[in-house]
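Here is the structure we will look at, set down as structure tokens.
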Amino acid sequence: MAGGEPQMKATAEEMAAGNIDMVSRDFCAHVLLKLNECRRASLYVPWKCEHERHEYELCQYKDYKRRLALAAAEQGA
Numbered sequence: 511m512a513g514g515e516p517q518m519k520a521t522a523e524e525m526a527a528g529n530i531d532m533v534s535r536d537f538c539a540h541v542l543l544k545l546n547e548c549r550r551a552s553l554y555v556p557w558k559c560e561h562e563r564h565e566y567e568l569c570q571y572k573d574y575k576r577r578l579a580l581a582a583a584e585q586g587a
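Our numbering puts the first residue of the sequence shown at 511, with every later residue one more than the last.
Set out below in structure tokens:
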């Protein structure tokens, strides 16, 4: 896919300070940090952080598609 290898944008210290679970510490952790910050600020009201949630879900989907393409390329090689 375009863009090459993804880069981690959130550091381990930022993820630890943001209480990000180990299973969520992936290439979309920087977006999850923003989403969780919004959720805490709005007391987890479901309709307040829709934009941040959409950004996170889109990031997860793009990462999934990248991994699928990588696996298909490895199988085809």
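Built from N, CA and C at the ideal position, the CB exists for glycine as well.
DSSP, read as helix, strand or coil, puts E560 in helix. Straight across, the Cα-Cα distance linking D573 with R535 is about 13 Å. Every alpha helix (DSSP H) stretch that sits fully inside the stretch 537-586 and reaches 4 residues is listed by chain position as 539-551, 560-586. Counted as a single uninterrupted DSSP element, the alpha helix (DSSP H) harbouring A527 occupies residues 522-527. In the displayed model, M518 falls within coil according to three-state DSSP, outside both helix and strand.
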